[in-house]
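See structure below.
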Amino acid sequence: MNSRKRTPPRRERRRHSRSRSRESRHQSRSPSPSPRRRPRKSRSRSHSPRHGSHGHDSPRHGSHRSRYSPGFGPKEPSPRRAAPNYSISGKLAEDRLLRNGVTLKYDEPSEACRPTVRWRMHVFKDDKQVEVFQVSDMIVGHESCSKQHAVIQHREVSTDLGYGNYSTSIKPYIIDLDSTHGTFINSTKIESGRYIELRPMDIIKFACSTREYVLLSEDQLQEDKPK
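Numbered continuously in UniProt numbering, the sequence shown closes out at residue 227.
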């Protein structure tokens, strides 16, 4: 007997190969078990490099400083803050001196005191009394007089009596407020900005006015009256 196997005919080979290819297709189409999905990592936006960083990967221009740039070198010390100033500024005095939109030139001193005796200003012209002022403000109607010409101020003054004894009294003083034509006492021009004591029967004149002003107290008037 012949031991060689007979080869199938060509048609059978083709059928056999076709069946195998169908089986392989069927096996390839069979669903494979789905693998477990891994949790996705949360995506975060990459942080942009800070402004002025020296990183080599930064595409921005001017990130690298040269020694010729204005920011190179030691920093200048910051200016020191001014210390608080608690000294007197004079703002309160300005508000106090403001009257009806006009700033007064004069401010009462600390020794200013109200007189205990009543005083009156007697006005004379051509040796005749024309007016008597009992108020503090007087209007002198003359062109040569300044708007704020002079002030009559009563001040409390202490007098040294010796041996450690002092006496206080209230006396009238006059001060010229830097007027244009000045103030006169007994035909003598007084220094502006300085207190001058007024004595009984002193004659006061303002600028070029011909009127004479005499400051008298009620006690002096009673003494001058005939008995």
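Idealized CB from N, CA, C, for every residue including glycine. Bear in mind the structure is a predicted one, so any value in this text is a computation, not a measurement.
Identify whether glutamate 218 lies in helix, strand or coil by the three-state DSSP scheme. Along the sequence shown, read from residue 1 onward, the residue named residue 218 stands at position 218. In the structure shown, glutamate 218 falls within a helical segment according to DSSP collapsed to helix, strand and coil.
Proximal residues to lysine 189 (C-beta, below 6 Å), its chain only, five neighbours per side dropped: Counting from 1 along the sequence shown, the entry for residue 189 is found at position 189. The answer, listed in chain order, is Gly182.
Can you list, in chain order, the residues of its chain with a C-beta nearer than 6 Å to that of isoleucine 175? Leave out the 5 residues immediately preceding and following it. Reading the sequence shown from its first residue, position 175 is the one you call residue 175. Taken in chain order, the residues that qualify are Val151 and Tyr195.
Whose CA, out of Asn85, Val132 and Pro109, lies closest to the CA of arginine 120? If you number the sequence shown from 1, residue 120 lands on position 120. Comparing Cα-Cα distances from arginine 120 to each of Asn85, Val132 and Pro109, the minimum goes to Val132.
From this set, Asn85, Arg118 and Gly162, which residue's C-alpha is nearest residue 230's C-alpha? Nothing can be reported for residue 230, as the shown portion of the chain is limited to 1 through 227.
Going by DSSP in three states, lysine 128 sits in which element: helix, strand or coil? Reading the sequence shown from its first residue, position 128 is the one you call residue 128. When secondary structure is reduced to three states using DSSP, lysine 128 falls in the strand class.
Which term fits proline 84, buried or exposed, when burial requires 16 or more other beta carbons within 10 angstroms of its beta carbon? On the sequence shown, residue 84 is found 84 positions in, with the first residue counted as 1. By the 10 Å Cβ count, proline 84 comes out exposed.
Rounded C-alpha distance that separates glutamine 222 from glutamate 143: By 1-based counting over the sequence shown, the position of residue 222 is 222. By 1-based counting over the sequence shown, the position of residue 143 is 143. Straight-line measurement puts the Cα of glutamate 143 at about 36 Å from the Cα of glutamine 222.
Cut-off 6 Å between Cβ atoms - residues of its own chain near serine 146, not counting five sequence neighbours on either side: Numbered from its first residue, the sequence shown carries residue 146 at position 146. Ser179 and Thr180, listed in sequence order.
Test item: CB-CB of aspartate 107 and leucine 98 under 9 Å: Along the sequence shown, read from residue 1 onward, the residue named residue 107 stands at position 107. Along the sequence shown, read from residue 1 onward, the residue named residue 98 stands at position 98. Against a cut-off of 9 Å, the Cβ pair of leucine 98 and aspartate 107 comes out as no contact.
Environment of leucine 198 [buried if 16+ CB atoms lie within 10 Å]: Here the question's residue 198 lines up with position 198 in the sequence shown. By the Cβ neighbour-count rule, leucine 198 is buried, with 16 or more other Cβ atoms within 10 Å of its own.
So, under 8 Å CB-CB, histidine 154 and leucine 177 are touching, yes? Tell me the CB distance rounded to an integer number of Å. For the purposes of this step, residue 154 is taken as the residue at position 154 of the sequence shown. For the purposes of this step, residue 177 is taken as the residue at position 177 of the sequence shown. Their Cβ separation, rounded to whole angstroms, is 17 Å, which puts histidine 154 and leucine 177 out of contact at 8 Å.
Using the Cα positions of valine 130 and threonine 210, report the straight-line distance between them to the nearest angstrom. By 1-based counting over the sequence shown, the position of residue 130 is 130. By 1-based counting over the sequence shown, the position of residue 210 is 210. If you draw a straight line from the Cα of valine 130 to the Cα of threonine 210, it is about 12 Å long.
Pick out whichever of Gly164, Val157, Tyr163 and Ser187 has its Cα sitting closest to the Cα of tyrosine 173. Your numbering for residue 173 matches position 173 in the sequence shown. Looking at Gly164, Val157, Tyr163 and Ser187, the one whose alpha-carbon comes closest to that of tyrosine 173 is Val157.
The beta strand (DSSP E) enclosing valine 151, as first and last residue numbers: For the purposes of this step, residue 151 is identified with residue 151 of the sequence shown, where counting begins at 1. Element bounds for valine 151: 150 to 162.
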